[in-house]
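Have a look at the structure below, then the notes.
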Amino acid sequence: MDGFGALSFQDRWERTGPGGASPIWQNERHEILTADAANSTWLAQFFSPAEYAASPRVAPYAAYPEFQAGIAIAVFDPTDFDFYRAPENANVYRVIQQVVDPISIVEASLRATAYRYRLADKEAFFSGDAPRAGDVQDKSINELGLMAHWSDAHQDYLHDGDALLWTGVYVAAMAMKFMQTGDETALAQMLASLDGVLKCLEITGTSTEFARTIRPYIEARTYDVGDPSEWVRGTGAFSSIEWKIHGNNDMSKGFLTAFLWASLALHATSPSQLAEATATYGDLYQRMFDTLSGLRDHHELYQWSTSNPLNLPAWYDANTTLAVIASRSPAIADDAVSINPVHWTLLKQTYDQEEFGFLNENGVSDWSGNHLSILGRLNLWTSFSVLGLTSNASDLAGFIGDANTKMKRHRLGFLQVVAGTIGSPADPANAQDGLWALREMSIPKTSYPIDWEQNPSYCMSPNPELPWKMDWKTNDRTQSLRAYPLFQRPPSSYAWKDNPYRQYFGQGDPAWSGIDFLIAYWFA
0 MDGFGALSFQ DRWERTGPGG ASPIWQNERH EILTADAANS TWLAQFFSPA
50 EYAASPRVAP YAAYPEFQAG IAIAVFDPTD FDFYRAPENA NVYRVIQQVV
100 DPISIVEASL RATAYRYRLA DKEAFFSGDA PRAGDVQDKS INELGLMAHW
150 SDAHQDYLHD GDALLWTGVY VAAMAMKFMQ TGDETALAQM LASLDGVLKC
200 LEITGTSTEF ARTIRPYIEA RTYDVGDPSE WVRGTGAFSS IEWKIHGNND
250 MSKGFLTAFL WASLALHATS PSQLAEATAT YGDLYQRMFD TLSGLRDHHE
300 LYQWSTSNPL NLPAWYDANT TLAVIASRSP AIADDAVSIN PVHWTLLKQT
350 YDQEEFGFLN ENGVSDWSGN HLSILGRLNL WTSFSVLGLT SNASDLAGFI
400 GDANTKMKRH RLGFLQVVAG TIGSPADPAN AQDGLWALRE MSIPKTSYPI
450 DWEQNPSYCM SPNPELPWKM DWKTNDRTQS LRAYPLFQRP PSSYAWKDNP
500 YRQYFGQGDP AWSGIDFLIA YWFA
């Protein structure tokens with residue numbers, strides 16, 4: 000098989016004794032309908048279901064019973080979980096109901112490397128603490144603390160256009176780890192990346208703009224160039240760095256997440272640890288407070304009025320984060336930020352699961368928006384709890400509980416863990432089910448392309464992804480009717496943002512970060 004080297008097989012049949020009363024293997028794969036019935040009324044305003052079903056890519060599946068039913072399906076497959084956890088099977092791949100060939104062995108290996116390792120082992124791998132991890136984390140976080148992608152070809156990092164967001168999540172994960180374990184390495188990683196996040200705000204020299212990411216400045220760069228007009232060289236103390244323009248609402252969730260959780264972690268440090276951090280990075284509380292208060296007061300994302308409250312949620316998130324920073328800083332007055340109860344009353348008028356972005360129509364949703372929404376609500380709920388705003392926290396828990404009820408059957412991992420834990424009513428069973436998504440992650444992340452259309456059991460969805468873009472005739476918006484387990488899904492650098500029904504993501508990289516795993520693991 001090209002690219003995989005020569006493979007040969009030799010069979011040896013050996014009787015080990017009677018099979019016994021229990022089968023040696025049992026198929027535990029089952030499918031979960033994500034809704035009780037299909038509802039296409041809302042979707043039909045964006046495309047013609049009949050025309051879409053008749054299109055060349057989709058037509059071969061139009062007669063399938065599940066296509067006709069139109070209900071998206073989540074696949075749960077714990078088959079062989081116990082088998083791979085058994086010590087005697089540490090070096091075994093079990094090919095089940097397939098011919099032994101390179102493809103079936105790869106498929107078995109992905110299941111094995113997902114289920115063989117306990118969650119703590121995977122955490123050690125993704126955080127760089129395990130011998131097998133090698134330099135996975137080094138290849139995911141650049142020298143400025145920002146999430147990036149190492150290139151062996153260039154011996155340098157390639158930037159990630161959404162790095163500010165993912166780095167903020169990474170800061171939160173390391174903050175949670177430090178607060179739970181006291182791990183000095185986690186603290187150091189958190190501080191370095193927090194400094195990188197702060198530089199994304201400070202390097203622009205204005206409170207009306209922030210960077211999507213930063214990287215070392217290289218004159219006459221010959222790789223990872225993209226659109227040169229999107230990069231600006233810093234000035235003064237930042238002259239050795241360049242920053243990417245177009246920081247937006249999605250990216251703002253990165254610094255809000257980083258600042259909230261870093262404030263809590265800094266408050267948990269010892270006096271000597273805080274003194275060392277201050278000597279290295281300056282007064283981090285003050286840096287966070289100054290940059291965020293400037294953005295809150297001047298950036299267009301946070302400008303609102305009672306007659307135009309569109310930006311009130313973003314402003315409110317920033318304001319409550321500032322209040323937490325002030326409450327934890329030894330130098331900033333607790334009353335430096337006021338929380339007006341009127342603002343929460345206004346927000347409650349619009350806060351329901353739809354406003355959170357949790358759309359659930361036959362496998363169609365704004366999946367990356369779902370991640371931003373649950374991350375933002377986790378942050379706000381945490382802020383309320385820290386600030387003693389118990390009534391607000393209770394209100395928000397109810398909204399999160401509504402979202403949990405609406406989305407739980409899609410098995411979205413991080414969303415399940417968070418909503419099942421802090422939502423009201425609590426749903427511990429769903430939170431536990433969310434942990435299965437972590438068990439389904441193979442280590443290292445796969446570099447194999449996966450194309451389910453080659454499987455006879457595959458069925459395409461009767462609905463395109465992102466139908467509101469109304470571009471399915473010019474862009475490939477086809478998606479699967481089934482969401483497969485993570486070890487049977489195309490790879491991703493951050494699983495919780497992805498459409499679980501998407502057809503194909505590309506080949507992937509085994510050095511991709513495990514930030515998605517780390518944030519869910521340390522929250523849980």
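For the sequence shown, counting from 1, position 308 maps to 307 in numbering that gives the first Met the number 0; every step adds exactly one. Note that beta-carbon positions come from the ideal geometry of N, C-alpha and C, so glycine has one too. Since the structure is predicted, the reported quantities are computational estimates derived from the model, not experimental observations.
DSSP, read as helix, strand or coil, puts Asn307 in strand. A contact between stretches requires three or more CB pairs, one per stretch, nearer than 8 Å, and the segment 194 to 213 meets this requirement with the segment 141 to 151. Counting only residues of its own chain and dropping the five nearest sequence neighbours on each side, Asn498 has a CB closer than 7 Å to the CB of Trp366, Glu464, Gln478. For Lys252, no beta strand (DSSP E) segment is defined; the enclosing uninterrupted segment is the alpha helix (DSSP H) at 248 to 266. A residue is called buried once 16 or more other Cβ atoms fall within 10 Å of its Cβ, and Val170 is buried on that count. Each of Gly167, Leu163, Met146 was checked against the Cα of Leu157, and the nearest Cα belongs to Met146. In the structure shown, Ser192 falls within a helical segment according to DSSP collapsed to helix, strand and coil. By the CB criterion at 7 Å, Ser328 and Tyr301 fall outside the cutoff.
Around the beta carbon of Pro59, fewer than 16 other beta carbons sit within 10 angstroms, so the residue counts as exposed. DSSP places Pro215 in the strand class (E or B) of the three-state scheme.
Assignment of Val323 by DSSP, reduced to helix, strand and coil, places it in the helix class. Bounds of the alpha helix (DSSP H) holding His342 are 340 to 347. With fewer than three CB-CB distances shorter than 8 Å, the segment 283 to 298 does not count as touching the segment 405 to 418. By the 16-neighbour rule on beta-carbons within 10 angstroms, Tyr51 is buried.
Sequence-distant partners of Leu109 (beyond 5 residues in either direction) whose C-beta falls short of 8 Å from its own C-beta, in its chain, are Ser441, Thr445, Tyr447, Phe486, Gln487. With respect to the 7 Å criterion, His29 and Phe82 are not classified as neighbours on the basis of their beta carbons. Taking the C-beta atoms as reference points, Thr319 is found no nearer than 7 Å to Ser384. Our two residues, Asp334 and Ala322, have alpha carbons roughly 8 Å apart in a direct line. Its Cα nearest to that of Val94, the residue Ala111 stands out among Ala111, Arg376, Asp282. Contact check for Leu255 against Asp316 passes: the beta carbons are separated by less than 7 Å. When the five nearest sequence neighbours on each side are left out, the beta carbons in the same chain lying within less than 7 Å of the beta carbon of Met189 are those of Val170, Met173, Ala174, Phe177, Ala261, Ala264, in order along the chain.
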